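S.K.:
Residue numbers (the numbering used here): -6 to 668.
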């Protein structure tokens, strides 16, 4: 497998770069503020002071002396309200151009890595790992555009944004978001290293296929069609879900896939069987065969955990440049998500402790007619499709979507089924392109008006199977959000959503309607209660996974020199601890590691919480959508753009982000089903 030759040079990844300190002292700052106050007596004093202090924190000796700093501030401060708005609009236009074309270049460079229409070669991964935007902020400090922005549009802390959220105008919100652009001065080399580590993890995961048609047991029994290939972890998980409808040998199939997952987590999986159909493998005994003969099989050498380490070291090297967010954990939570990791962990663990988890677990046990198994964290029996033969769904989706152009041509029709009128459906569909993915699939939004969002999903030689379709509808939800929040938001600086969880919420909302979009409707009187329990159980699963993600990174910061083997052992130990505290009381068994199977931990560190918050947001949005026009509400809500999470939720639903409505709904649904 070529990706083993593309691992980052560990010495490069861990390399430290000296942090340049500001050469501007308090005396200079005070003198500069006094000079600006005298020159602009009508200026907003608090903003003036904030801007000067922020520029002083970013300024280094290479930028000029104290005198140069003072002169720069006097020459570039904009005090007039109308001129400030004019400058803001010009900056916004130019940043949209710059980031938009960076996005386009990156998207195009990654096509051979992300799309299965290209023949792969290691050179593709080298280009894919190149971060075209790594130097732009560095350049903007050198040409002093960054300082002009920092002076006139200084940043606000999360606490300040929350305090001002209901008072700011849309324009003031946009000013604040511009202020988020230049909060730290990270050398381009370190940004390039982080991008390289992430890209290499993407490559590693994209080819982590298991040829399940070649799985066998001690009796030499085969469980799947010979040509069936499943990507870890997504397709493995979805195959477990699909087999709840299989009353013949579904449980056997689920158990053997679960055994595969355990071997992946423990890194006992033979390296030979990864992305290869040349061997037969018994995951129970871990014996590999070729042409009926046992062959020597070396386990994968902890590469799974080395990928996590590579990302850790690359991002940890950036820590010194963020004094207020001096860990990757803080930058991902208080920074990117605008919800602290402490608060996140508390929200999730409070949910995991709720009594409703045991009650829903008992209901699932009753519906299955057996004791719960660890893989029942993915129980799919509350969904309409769970009672359907997936092979029939495969036949339907393959007929509808034999290739990517067929799905792209049908996007407008799918939107009209969701209630959009023809004109609006055409507008949204015209801004979305469909591509055949090499990996599990993803959504890649445009970053400049005129660009399309890209929907990527797996499409096999026989056409798109149901798993690919289900993922495609999820990604379609992302694309609709990406289009609305780019094209319909009033200020470019507000484009997007508060954090990724909010786009996940709409993706989940679309995904839940996948059967309806196939013209398969569930008319059950229990439909609403079952949908709520399904969402509750999904949240129960992903919140535990998210807590594991956070705690593994906390362990890494406490053990920065750990080896891949030590990280493997720690991850499995922490996974067992979380299981024993929050899942063992429901499942009746201890020491399970299944929470550690998620591939996101490798190629999207600390991303998983977005899914958990996405479930919570999804429920609150579904309650808001009930009885209203789906397209009108979706458009209204996602036109808000990038406010803080709580303010966005308040304006969308009238309530802040909370798990309590979902817990309460689960309790009510249990009572309804009991009657």
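Beta carbons are placed, not taken as given, at the ideal position from N, Cα and C, and that holds for glycine. If you're wondering where the values come from, they're calculated on a predicted model, not measured in any experiment.
1) Which class does residue 39 belong to by DSSP, given the choice of helix, strand or coil?
2) Can you give me the Cβ contacts of residue 127 inside the same chain, cut-off strictly under 7 Å, excluding the 5 residues immediately before and after it?
3) Suppose the cutoff is 7 Å on Cβ atoms and the five residues either side in sequence are ignored; what does the same chain contact list for residue 605 look like?
4) Rounded C-beta distance between residue 15 and residue 50? I'm assuming under 8 Å.
5) Would you be able to state if there are at least three C-beta pairs under 8 Å between the segment 489 to 497 and the segment 388 to 398?
6) Between the alpha carbons of residue 447 and residue 62, how many angstroms are there, rounded?
7) Look at the alpha carbon of residue 366 and the alpha carbon of residue 332, and state the distance between them as a whole number of angstroms.
8) Helix or strand or just coil, what does DSSP make of residue 129?
9) Out of 457, 17, 23, which one is the CA nearest neighbour of residue 57?
10) Can you give the Cα-Cα distance for residue 265 and residue 223, rounded to whole angstroms?
11) Classify residue 363 as helix, strand or coil using the three-state DSSP reduction.
12) If residue 267 and residue 587 are in contact, beta carbons under 8 Å, what's the gap, nearest whole angstrom?
13) Over what stretch of residues does the beta strand (DSSP E) that includes residue 195 continue unbroken?
14) May I have the straight-line CA-CA distance separating residue 251 from residue 524, to the nearest angstrom?
15) Excluding sequence positions up to five away, which residues of its chain have a Cβ less than 7 Å from the Cβ of residue 527?
16) Would DSSP call residue 668 helix, strand or coil?
17) Secondary structure at residue 437, three-state DSSP: helix, strand or coil?
18) To which residues of the same chain is residue 26 closer than 6 Å at the C-beta, ignoring the five residues directly before and after it?
19) For residue 202 and residue 86, what's the separation of their Cα atoms in angstroms?
20) Determine the burial state of residue 231: buried for a count of at least 16 other Cβ atoms within 10 Å of its Cβ, exposed for fewer.
21) Which one of 19, 135, 147, 655 has the shortest CA to CA distance from residue 47?
22) Under 8 Å by Cβ, that's how I've got residue 354 and residue 498 pegged, so tell me the actual separation to the nearest angstrom.
23) For residue 641, which residues from the same chain have a beta carbon less than 6 Å from its beta carbon, with the 5 sequence-adjacent residues on both sides left out?
24) Return the CA-CA distance between residue 496 and residue 205, expressed in angstroms with no decimal places.
25) Please classify residue 529 as buried or exposed, where buried requires at least 16 other C-beta atoms within 10 Å of its C-beta.
26) For the segment 159 to 171 and the segment 79 to 97, state whether three or more C-beta atom pairs, one from each stretch, are separated by less than 8 Å.
27) Which residues in the same chain as residue 471 place their Cβ atom closer than 6 Å to its Cβ, once the five residues preceding and following it in sequence are excluded?
28) Please state whether the Cβ-Cβ distance between residue 293 and residue 262 is less than 8 Å.
29) Output yes or no for whether 8 Å exceeds the beta carbon distance between residue 407 and residue 479.
30) With distance defined between alpha-carbon atoms, name the residue in 519, 650, 626 nearest to residue 659.
31) Could you tell me if residue 114 is buried or exposed, where buried requires 16 or more neighbouring beta carbons within 10 angstroms of its beta carbon?
32) Which whole-angstrom value is the C-beta distance of residue 568 and residue 589, which I expect to be below 8 Å?
33) Output yes or no for whether 8 Å exceeds the beta carbon distance between residue 459 and residue 554.
34) Taking all protein chains shown into account, decide if residue 396 is buried (16 or more other Cβ within 10 angstroms of its Cβ) or exposed.
35) Return helix, strand or coil for residue 315, following the three-state DSSP convention.
36) Is it right to say residue 346 is buried, meaning 16 or more other beta carbons lie within 10 angstroms of its own, or is it exposed?
M.R.: Taking the structure as given:
1) Mapped onto the chain shown, residue 39 falls at position 46. In this structure, residue 39 counts as helix in the three-state DSSP scheme.
2) For the purposes of this step, residue 127 is taken as residue 134 along the chain shown, with counting starting at 1. 181, 184, 185, 188.
3) Here residue 605 refers to the residue found at position 612 when the chain shown is read from its first residue. Around residue 605: 341, 532, 535, 536, 539.
4) Translated into positions along the chain shown, residue 15 becomes position 22. Translated into positions along the chain shown, residue 50 becomes position 57. Distance from residue 15 to residue 50 at the Cβ level is roughly 6 Å; contact confirmed, criterion being Cβ atoms closer than 8 Å.
5) No, the segment 388 to 398 does not touch the segment 489 to 497.
6) For the purposes of this step, residue 447 is identified with residue 454 of the chain shown, where counting begins at 1. For the purposes of this step, residue 62 is identified with residue 69 of the chain shown, where counting begins at 1. Looking at the two C-alpha atoms, the distance is approximately 44 Å.
7) Taking the first residue of the chain shown as position 1, residue 366 is located at position 373. Taking the first residue of the chain shown as position 1, residue 332 is located at position 339. Rounded to the nearest angstrom, the two C-alpha atoms are 33 Å apart.
8) By one-based count along the chain shown, residue 129 stands at place 136. Of the three classes helix, strand and coil, the one that applies to residue 129 here is helix, per DSSP.
9) Translated into positions along the chain shown, residue 57 becomes position 64. Among 457, 17, 23, the Cα nearest to that of residue 57 belongs to 17.
10) Numbered from 1 along the chain shown, position 272 holds the residue referred to as residue 265. Numbered from 1 along the chain shown, position 230 holds the residue referred to as residue 223. The straight-line gap from Cα to Cα measures roughly 16 Å.
11) Stepping through the chain shown from its first residue, residue 363 is reached at position 370. When secondary structure is reduced to three states using DSSP, residue 363 falls in the coil class, being assigned neither helix nor strand.
12) Taking the first residue of the chain shown as position 1, residue 267 is located at position 274. Taking the first residue of the chain shown as position 1, residue 587 is located at position 594. Not a contact, Cβ separation roughly 19 Å.
13) As a working mapping, residue 195 is identified with position 202 in the chain shown. Note, residue 195: premise wrong, no beta strand (DSSP E); alpha helix (DSSP H) at 181 to 199.
14) Here residue 251 refers to the residue found at position 258 when the chain shown is read from its first residue. Here residue 524 refers to the residue found at position 531 when the chain shown is read from its first residue. So the two alpha carbons sit approximately 25 Å from each other.
15) Counted from its first residue, the chain shown places residue 527 at position 534. In chain order, 375, 376 place their CB closer than 7 Å to the CB of residue 527, counting only its own chain and leaving out the 5 sequence neighbours on each side.
16) The sequence position of residue 668 within the chain shown is 675, counting from 1. Three-state result, residue 668: coil.
17) Along the chain shown, read from residue 1 onward, the residue named residue 437 stands at position 444. In the structure shown, residue 437 sits in a strand (DSSP, three-state: E or B).
18) Counting from 1 along the chain shown, the entry for residue 26 is found at position 33. Result list for residue 26: 42, 45, in chain order.
19) In the chain shown, residue 202 corresponds to position 209, counting from 1. In the chain shown, residue 86 corresponds to position 93, counting from 1. Between residue 202 and residue 86, the C-alpha separation is close to 43 Å.
20) Translated into positions along the chain shown, residue 231 becomes position 238. Result: buried.
21) Locating residue 47 in the chain shown gives position 54, where the first residue counts as 1. Closest by alpha carbon: 147.
22) For the purposes of this step, residue 354 is identified with residue 361 of the chain shown, where counting begins at 1. For the purposes of this step, residue 498 is identified with residue 505 of the chain shown, where counting begins at 1. Contact doesn't hold; Cβ gap of about 25 Å is too wide.
23) Your numbering for residue 641 matches position 648 in the chain shown. Cβ within range, chain order: 491, 633.
24) One-based indexing of the chain shown puts residue 496 at position 503. One-based indexing of the chain shown puts residue 205 at position 212. Cα to Cα, the separation comes out at about 32 Å.
25) Residue mapping note: residue 529 aligns to position 536 of the chain shown, counting from 1. The residue in question, residue 529, is buried, as its Cβ has 16 or more Cβ neighbours within 10 Å.
26) yes
27) For the purposes of this step, residue 471 is taken as residue 478 along the chain shown, with counting starting at 1. Closer than 6 Å at Cβ, skipping near neighbours: 436, 496, 500.
28) On the chain shown, position 300 is the one that residue 293 refers to. On the chain shown, position 269 is the one that residue 262 refers to. Contact: yes.
29) Taking the first residue of the chain shown as position 1, residue 407 is located at position 414. Taking the first residue of the chain shown as position 1, residue 479 is located at position 486. In this structure, residue 479 does not lie closer than 8 Å to residue 407 by Cβ.
30) Position 666 of the chain shown, counted from the first residue, corresponds to residue 659. Residue 659 has its Cα closest to that of 519, out of 519, 650, 626.
31) Looking up residue 114 in the chain shown gives position 121. The residue is exposed, with fewer than 16 neighbouring Cβ atoms inside 10 Å.
32) The count along the chain shown starts at 1 and reaches residue 568 at position 575. The count along the chain shown starts at 1 and reaches residue 589 at position 596. In this structure residue 568 is in contact with residue 589, their Cβ atoms being roughly 4 Å apart against a cut-off of 8 Å.
33) Translated into positions along the chain shown, residue 459 becomes position 466. Translated into positions along the chain shown, residue 554 becomes position 561. Not a contact, by the Cβ cut-off of 8 Å.
34) As a position in the chain shown, residue 396 is number 403, starting the count at 1. It counts as exposed.
35) Here residue 315 refers to the residue found at position 322 when the chain shown is read from its first residue. DSSP, reduced to helix, strand and coil, places residue 315 outside both helices and strands of the structure shown, so it counts as coil.
36) In the chain shown, the residue the question calls residue 346 occupies position 353. With fewer than 16 other Cβ atoms within 10 Å, it is exposed.
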